[in-house]
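J.: Can you keep this structure in mind? I'll have questions shortly.
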Amino acid sequence: MDKNLERFLNEISVRNSHEPEFMQAVREVSETVIPYIVSNKIYHGKNILMRMVEPERVLMFRVNWVDDSGEIRVNRGYRVQMNSAIGPYKGGLRFHPSVNLSILKFLAFEQVFKNSLTTLPMGGGKGGSDFDPKGKSDGEIMRFCQSFMTELFRYIGPNTDIPAGDIGVGGREIGFMFGQYKKLKKEFTGVLTGKGLSWGGSLIRPEATGYGTVYFAENMLNHINQSVSKKTVVISGSGNVAQFAAEKCIQLSAKVVTLSDSSGFIYDKEGINSEKLNHIMDLKNNKRVRISEYLNKYPKAKFYKSKTPWNVPCDIALPCATQNELNKNDAESLIKNGCICISEGANMPCTPDAITVFRKNKVLYAPGKASNAGGVAVSGLEMAQNSLRYSWTREEVDNKLKDIILDIHNSCITHGKEKKYINYEKGANIAGFIKVADAMIAQGVV
Ligand code: NDP
Ligand code: 2IT
402 MDKNLERFLN EISVRNSHEP EFMQAVREVS ETVIPYIVSN KIYHGKNILM
452 RMVEPERVLM FRVNWVDDSG EIRVNRGYRV QMNSAIGPYK GGLRFHPSVN
502 LSILKFLAFE QVFKNSLTTL PMGGGKGGSD FDPKGKSDGE IMRFCQSFMT
552 ELFRYIGPNT DIPAGDIGVG GREIGFMFGQ YKKLKKEFTG VLTGKGLSWG
602 GSLIRPEATG YGTVYFAENM LNHINQSVSK KTVVISGSGN VAQFAAEKCI
652 QLSAKVVTLS DSSGFIYDKE GINSEKLNHI MDLKNNKRVR ISEYLNKYPK
702 AKFYKSKTPW NVPCDIALPC ATQNELNKND AESLIKNGCI CISEGANMPC
752 TPDAITVFRK NKVLYAPGKA SNAGGVAVSG LEMAQNSLRY SWTREEVDNK
802 LKDIILDIHN SCITHGKEKK YINYEKGANI AGFIKVADAM IAQGVV
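Using this note's numbering, the first residue of the sequence shown is number 402, and each one after it goes up by one.
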């Protein structure tokens, strides 16, 4: 290992060794950014990466709420305000029992680079709670969201920190949190993104992450004179990102054969067409049941309990569920079965040794901070529309999304071009770093 990198990681691990996901994200960025810093004198003596790995501020708070049986429940709430050099903190809220500081710091750190890549003026943050929304009634979800916002509202605002959705936080939760914020502040402002269309939301925001992940795959494939059309696609997850990644694949004439949730995956060899996808959306967004219910209507499909879909033959893989869901063995089976393109819809879904397998085999691989940036990019466009007090059409927003994803793709090429390979990971890290680092230097030691 490079000496500078080793020294840096040793120093970071003294403070953060008990945070494995955060250390994983920092290591992945440092491996490409430290050599870049070493070869660029303007960054010497500034300790810039050390400043970037330390959150500007971390808020941690108690969230009390009363369940339907009258019992008082206690959860922990967080907001990690990571970096505000290029704009107010921006990033989602995750409600999932696995949420802890390590996971939120990794997500906030990734968000800083991702937001920088979008070309929009947004700093990076992330938050959430270890609250488990599964099986909760609408009333319980509302009371939890209200209690969460009763504390968080003091620290956020349309020009300081603008949360949005992530795992377990969709339109319903954003609505409850927006309502509580408005009541407490007596202000109707763009303090959250992912809002409903009639109260400040943007067209295409629900679709943006999934669509953007597929647009990124299309850009990578176009670069090697191929396209998404007619390809077989394996997708994990069946939430917001996975659903709209599947929708865009279908629109581009690809064949989607899997979707999953934490209980296992469904394999529909004939392909999940729009009608079948609409059924999945109903199961997941309205009925809120397990993915295996798909077989009740489409019995020819198969359900693989507690398994991930990476052994299914495909041309394109879109991991859209969660971090570290695709490991080295999975990467090897994807390659063995002919996969040539991996575009991450989730944040850090591929483990470091899975990424090494992709790189060795010179297949197209896009890290989430580049390929899933469409979601936060359209959040940025939602903020712009809120400031303008105006709404763009669906086509206008979709075109801006396509332009931003293409721009990110091209930045990855500029900074990630190697002899016979585009290292998209390196390109995304360096392009994301430059903008934030330059702003931090200009603003002095603060
Ligand atoms: P949702 O809550 O809508 O869906 C999450 C999906 O992933 C569900 O199918 C869920 O299954 C599955 N999942 C979650 N945790 C696990 C786990 N530990 N093991 C297996 N499956 C799991 O979330 P999103 O679709 O919004 O988010 C998915 C990913 O995309 C996350 O990594 C998120 O950070 C990332 N992302 C989201 C963006 C957005 O705009 N929403 C933007 C950019 C990235 P189950 O229901 O069984 O838990
Ligand atoms: O990981 C992400 O980029 C998100 N969850 C979306 C963040 C946002 O502010 O829209």
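The C-beta atom is built at its ideal place from N, Cα and C for all residues, glycine as well.
1) Measure from the alpha carbon of Asp403 to the alpha carbon of each residue in Asn738, Asp754 and Ile435, then state which is nearest.
2) Return the residue from the list Lys515, Gly572 and Gly602 that minimises the CA-CA distance to Ile835.
3) Do Ile449 and Met841 have their C-beta atoms closer together than 8 Å?
4) Among the residues of its own chain, which have a CB less than 6 Å from the CB of Gln512, if the five just before and after it don't count?
5) Quick one, which of Ile756, Pro564, Val570 and Lys827 has its alpha-carbon nearest Gly781's?
6) Between Ser654 and the rest of its own chain, which residues show a CB-CB distance below 7 Å, the 5 nearest in sequence each way excluded?
7) Would DSSP call Lys823 helix, strand or coil?
8) Counting pairs of beta carbons, one from the region 797 to 806 and one from the region 544 to 559, are three or more of them closer than 8 Å?
9) Please return the same chain residues whose Cβ sits closer than 7 Å to the Cβ of Gly597, not counting the five positions on each side in sequence.
10) Quick check on Gly446: buried or exposed, where buried means 16 or more other Cβ atoms within 10 Å of its Cβ?
11) In three-state terms, what does DSSP make of Ala755?
12) When the distance is taken between beta carbons, is Ser664 closer than 8 Å to Ser693?
13) Relative to the C-alpha of Asn501, which candidate in Phe532, Cys813 and Cys740 has its C-alpha closest?
14) By how many angstroms is the C-alpha of Ser707 removed from the C-alpha of Asp799?
15) For the beta strand (DSSP E) containing Tyr479, list its first residue and its last residue.
16) Between the region 633 to 653 and the region 744 to 762, do at least 3 Cβ pairs fall closer than 8 Å?
17) What is the DSSP secondary structure of Gly775, reduced to helix, strand or coil?
18) Heavy atom of the ligand 2IT less than 7 Å from the Cβ of Val777, yes or no?
T.: Looking at the atomic coordinates:
1) Ile435
2) Lys515
3) yes
4) Gly492, Gly525 and Lys527.
5) Pro564
6) Ser630 and Lys631
7) At residue 823 the sequence reads Ile, which differs from the Lys that was named. Three-state result, Ile823: strand.
8) no
9) Gly572 and Gly576
10) exposed
11) helix
12) Yes, the Cβ-Cβ distance between Ser693 and Ser664 is below 8 Å.
13) Phe532
14) About 36 Å.
15) Ile473 to Asn484
16) Output reads yes: the region 744 to 762 touches the region 633 to 653.
17) helix
18) yes
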